[in-house]
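As they're listed, the protein sequences go chains R and X. Residue 1 is where the first sequence starts when you use this note's numbering, and the numbers rise one by one after that. Residue 1 is where the second sequence starts when you use this note's numbering, and the numbers rise one by one after that. Note that the Cβ used here is the ideal one computed from N, Cα and C, for glycine as well. This report refers to the structure that appears directly beneath it.
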Amino acid sequence: MQALRDISGRAGTLLTAMVFVLLLTAFPATAADAGYKAKPEPSSGDFDARKVIVDHVLDSYYWHLFDIADRSYSIHLPVILIYEGRFYVFLSSRFDHGKADYKGFAVAKEGSRKGRAIRVLADGRTPDPDAATIYDFSITRNVLSIFIASGLLCLLFIKVGKSYRDADIYATPKGLPLFFEPLITFVRDQIAILAIGPEKYHRFMPYLLTAFFFIFFNNLLGLLPIFPGGSNVTGNISVTFVLAMFTFFTAHWYANKTYWKHMFNMPGVPLFLKFPIPILPVIEIAGAFIKPFTLMIRLFANMTAGHMVILSLTSLIFVLGSVSVFLGYSISPITVLFLVFINFLKILVSFLQAYIFTLFSAFFFGMAVPKDSH
Amino acid sequence: MELLMPGLGLVFWMTVAFGVVLYILKKYAWKPILNVLDAREKHLAKSFSDAKRIEHEVTQLAAMKSEKIAEAEKIYEEITVKAERDAEKIIADAREKAEQEAHEISEKTDKMMQQFKEEAFRKVKGQISDLSIEIAEKVLLEELSDRDRNSRYVSSLLEKIAVN
Numbered sequence: 001m002q003a004l005r006d007i008s009g010r011a012g013t014l015l016t017a018m019v020f021v022l023l024l025t026a027f028p029a030t031a032a033d034a035g036y037k038a039k040p041e042p043s044s045g046d047f048d049a050r051k052v053i054v055d056h057v058l059d060s061y062y063w064h065l066f067d068i069a070d071r072s073y074s075i076h077l078p079v080i081l082i083y084e085g086r087f088y089v090f091l092s093s094r095f096d097h098g099k100a101d102y103k104g105f106a107v108a109k110e111g112s113r114k115g116r117a118i119r120v121l122a123d124g125r126t127p128d129p130d131a132a133t134i135y136d137f138s139i140t141r142n143v144l145s146i147f148i149a150s151g152l153l154c155l156l157f158i159k160v161g162k163s164y165r166d167a168d169i170y171a172t173p174k175g176l177p178l179f180f181e182p183l184i185t186f187v188r189d190q191i192a193i194l195a196i197g198p199e200k201y202h203r204f205m206p207y208l209l210t211a212f213f214f215i216f217f218n219n220l221l222g223l224l225p226i227f228p229g230g231s232n233v234t235g236n237i238s239v240t241f242v243l244a245m246f247t248f249f250t251a252h253w254y255a256n257k258t259y260w261k262h263m264f265n266m267p268g269v270p271l272f273l274k275f276p277i278p279i280l281p282v283i284e285i286a287g288a289f290i291k292p293f294t295l296m297i298r299l300f301a302n303m304t305a306g307h308m309v310i311l312s313l314t315s316l317i318f319v320l321g322s323v324s325v326f327l328g329y330s331i332s333p334i335t336v337l338f339l340v341f342i343n344f345l346k347i348l349v350s351f352l353q354a355y356i357f358t359l360f361s362a363f364f365f366g367m368a369v370p371k372d373s374h
Numbered sequence: 001m002e003l004l005m006p007g008l009g010l011v012f013w014m015t016v017a018f019g020v021v022l023y024i025l026k027k028y029a030w031k032p033i034l035n036v037l038d039a040r041e042k043h044l045a046k047s048f049s050d051a052k053r054i055e056h057e058v059t060q061l062a063a064m065k066s067e068k069i070a071e072a073e074k075i076y077e078e079i080t081v082k083a084e085r086d087a088e089k090i091i092a093d094a095r096e097k098a099e100q101e102a103h104e105i106s107e108k109t110d111k112m113m114q115q116f117k118e119e120a121f122r123k124v125k126g127q128i129s130d131l132s133i134e135i136a137e138k139v140l141l142e143e144l145s146d147r148d149r150n151s152r153y154v155s156s157l158l159e160k161i162a163v164n
């Protein structure tokens, strides 16, 4: 009987937590988010959905919070630039939302560095054609999002870890551990042990767990329409690139002799495949780079696509609203319903993408530490 | 295309942030958590094997117990049978002995009775002879006390002799 009550209590806590997360994320406040994006060109009455969406999924020097009575409230983040060996550190308020230039820098309106600082000529507008490379280390919205997510992760899991350090290990977990333990055992049993094997999975557990929860947290935070969420962190190619690199280096740091032997001198295949033209080694080496590359692209594309779907649906209200106010209002209930559905789907995708990235990383590790040559 | 271009700053900060998170979580979260999970699972596995072993032992003990009970019952039965047999034997012996004793006693009594009888006869005989002598004496004395008659009797006797 006790056991039954324990189980129902556990399920209850989990359910409450899940409903809480759903309520937080599914709330279609993304509408407000897109609303401010409509502001830059309010005079024309035209709503450029493409610009809104691309601007949103891109990085920026500001973090827009909310609009009150036509006033936009944003956090101005620090801009850190290295240009010709000199540091330039200033707040992005100097750019005045891209309208002003500062010390010869301005925000690019188009081109491959759109939204980023570029060197401009004296008129404060024209890009300097002779400018040297700018190394941009600014704390952008995505960087701040990463810091917030990292801080949150550390706080939460240090707390969880502490409760494990202190508590009676045979007691039923309560509170935070109760929520995270199933996920941790899931990563261990369904990812690490499954893909790497029960003998060698231990050393990869810290990285797999960190990657899983980092992606999962950032995905969920990305669903939050308000500060500190809403950034498309895991849908940013730089972030997925770094994650993929971590996977790549972890795999090759722990890779054993068999792995290297298979890469450069595959046993059991005819010599002409390896010499004089090293066809197999080339394929193997290319494979070693393609694997993390697919990890990078998969996570990036999935998360960005999700954000784009949500923003597109939200923009639909404003696109139709700019044609006719009545049309905008009448379409909104349908759009909001659809948004709720997509948000639910995105919660699933958040988990799924974290799972897939971690699982494929684990398979990569499993290939790096094969049992022995065959 | 700007979507697909990794930014240097973001790559740098992401590497730093992720590295720090990885280090901190490895040290302060994953290690204690995984240790506890491992310990718990080992404990569970041990408890499970212990339970299985104990269950096995209990079944063995139960089997042993019923075996012992059967044995005890057998012994009890044997003892009862033997006791009954012994009791019967004892009773039979006692009866035999009693009968023998009774027989002996009756024989002895008979003998004693015989002796008493003989003694009594002897005593009676002696008394009878004494009494006879006494009576004879008394009769004789009585007879002799009458002188005239005796003298007549003797004279008669003498007469007979004289005649002869």
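query: Please name the residue or residues paired with valine 89 of chain R in a DSSP beta bridge.; result: R:Ile80
query: Using the C-alpha atoms, what's the distance from valine 269 of chain R back to serine 315 of chain R?; result: 57 angstroms
query: Measuring only between beta-carbons, confirm whether leucine 8 of chain X sits less than 9 angstroms from chain R.; result: yes
query: Starting from histidine 103 of chain X, trace the beta strand (DSSP E) in both directions and tell me its first and last residue.; result: No beta strand (DSSP E) holds histidine 103 of chain X; the alpha helix (DSSP H) holding it covers 31 to 145.
query: Mind checking which residues open and close the beta strand (DSSP E) that includes histidine 64 of chain R?; result: 62 to 68
query: For the ligand NAD, I want to know if tyrosine 62 of chain R counts as a neighbour, meaning its beta carbon is within less than 8 angstroms of at least one of the ligand's heavy atoms.; result: You won't find the ligand NAD in this model; it holds no ligand whatsoever.
query: Cα separation between threonine 30 of chain R and tyrosine 259 of chain R?; result: The predicted position of threonine 30 of chain R is uncertain, since its pLDDT is 37 and thus under 50; a value taken from the coordinates is nonetheless stated next. In a straight line, the C-alpha of threonine 30 of chain R is about 47 angstroms away from that of tyrosine 259 of chain R.
query: Which residue from R:Thr140, R:Lys103, R:Phe360, R:Phe105 puts its Cα closest to that of threonine 247 of chain R?; result: R:Phe360
query: Rounded to a whole number of angstroms, what is the C-alpha to C-alpha distance between proline 198 of chain R and arginine 119 of chain R?; result: 55 angstroms
query: Just to confirm my understanding: we take isoleucine 356 of chain R, look at its own chain, exclude 5 residues before and 5 after, and list those with CB closer than 6 angstroms. What are they?; result: none
query: In the stretch 268 to 339 of chain R, which residue ranges form an unbroken alpha helix (DSSP H) of at least 4 residues, counting only runs that do not cross its ends?; result: 279 to 323
query: Report the option in R:Thr335, R:Ser322, R:Met308, R:Ile75 whose CA atom is closest to the CA atom of arginine 50 of chain R.; result: R:Met308
query: Counting only beta-carbon separations shorter than 9 angstroms, does lysine 166 of chain X have a partner in chain R?; result: As displayed, chain X neither begins before 1 nor continues past 164, which places residue 166 of chain X out of reach and without an answer.
query: When DSSP labels each residue in this structure, what does alanine 106 of chain R get in the three-state scheme?; result: strand
query: Report all residues from its chain with a CB closer than 7 angstroms to the CB of leucine 280 of chain R; omit the five preceding and five following residues, and keep chain order.; result: Met266, Val269, Leu273, Lys274
query: For valine 21 of chain R, would you say it is in contact with chain X, using Cβ-to-Cβ distances shorter than 9 angstroms as the test?; result: Low confidence applies here, because valine 21 of chain R scores a pLDDT of 42, under 50, leaving its location unreliable; read the following figure in that light. Closer than 9 angstroms: no.
query: Run the CB neighbour count on serine 155 of chain X, radius 10 Å, all protein chains shown included, and call it buried at 16 or more, exposed below.; result: exposed
query: Just the Cα atoms here: how many angstroms apart are tyrosine 73 of chain R and alanine 362 of chain R?; result: 43 angstroms
query: Let me know the secondary structure DSSP gives arginine 94 of chain R once reduced to three states.; result: helix
query: Who does leucine 117 of chain R pair with in a DSSP beta bridge?; result: What sits at residue 117 of chain R in the sequence shown is alanine, not leucine. According to DSSP, which records beta bridges pairwise, alanine 117 of chain R is partnered with R:Val107.
query: Please state the DSSP three-state secondary structure of serine 138 of chain R.; result: coil
query: At a CB-CB cut-off below 8 angstroms, which residues of chain X make contact with leucine 153 of chain R?; result: Val21, Leu25
query: So the alpha helix (DSSP H) alanine 251 of chain R belongs to, where does it begin and stop?; result: 237 to 254
query: Would lysine 99 of chain R pass as a contact of alanine 108 of chain R if the rule is Cβ separation under 9 angstroms?; result: no
query: Lysine 75 of chain R bridges to which residues according to DSSP?; result: Strictly speaking, residue 75 of chain R in this sequence is isoleucine, with lysine absent from that position. Isoleucine 75 of chain R is bridged to R:Trp63.
query: Compute the Euclidean distance between the alpha carbons of glycine 9 of chain R and phenylalanine 293 of chain R, then round it to the nearest angstrom.; result: Residue placement at glycine 9 of chain R is flagged as unreliable, the pLDDT there being 48, under the threshold of 50; the coordinate-derived value follows with that caveat. Cα-Cα distance, rounded: 43 angstroms.
query: What's the gap between the Cα of phenylalanine 87 of chain R and the Cα of isoleucine 134 of chain R?; result: 10 angstroms
query: Leaving aside the five residues before and after glycine 366 of chain R along the sequence, list all residues of the same chain whose C-beta is less than 6 angstroms from its C-beta, in chain order.; result: Ala195, Ile196
query: Alpha carbon to alpha carbon, how far is phenylalanine 226 of chain R from glutamate 55 of chain X?; result: The residue you asked about is not phenylalanine; residue 226 of chain R is isoleucine in the sequence shown. Between isoleucine 226 of chain R and glutamate 55 of chain X, the C-alpha separation is close to 59 angstroms.
query: I'd like to know whether the C-beta of alanine 29 of chain R is nearer than 9 angstroms to at least one C-beta of chain X.; result: A caution first: alanine 29 of chain R carries a pLDDT of 36, below 50, which makes its placement in the model unreliable, though a value can still be read off. Not closer than 9 angstroms to any Cβ of chain X, the Cβ of alanine 29 of chain R fails to qualify, so no.
query: Counting only the same chain and skipping the five closest in sequence on each side, list residues whose C-beta sits under 6 angstroms from that of leucine 221 of chain R.; result: Ala149, Gly229
query: Please tell me whether alanine 17 of chain X has its Cβ less than 9 angstroms away from any Cβ of chain R.; result: yes
query: Under the DSSP definition of a beta bridge, which residues are partnered with proline 127 of chain R?; result: R:Val120
query: Assuming valine 16 of chain X is part of the alpha helix (DSSP H), what are its boundary residues?; result: 8 to 25
query: Please determine, among R:Lys257, R:Lys346, R:Tyr61, R:Ile285, the residue with the shortest C-alpha to C-alpha distance to leucine 223 of chain R.; result: R:Lys346
query: Going along the chain, which residues of its own chain have a beta-carbon closer than 7 angstroms to the beta-carbon of leucine 65 of chain R, five neighbours each way excluded?; result: Tyr73, Ser74, Ile75, Phe227
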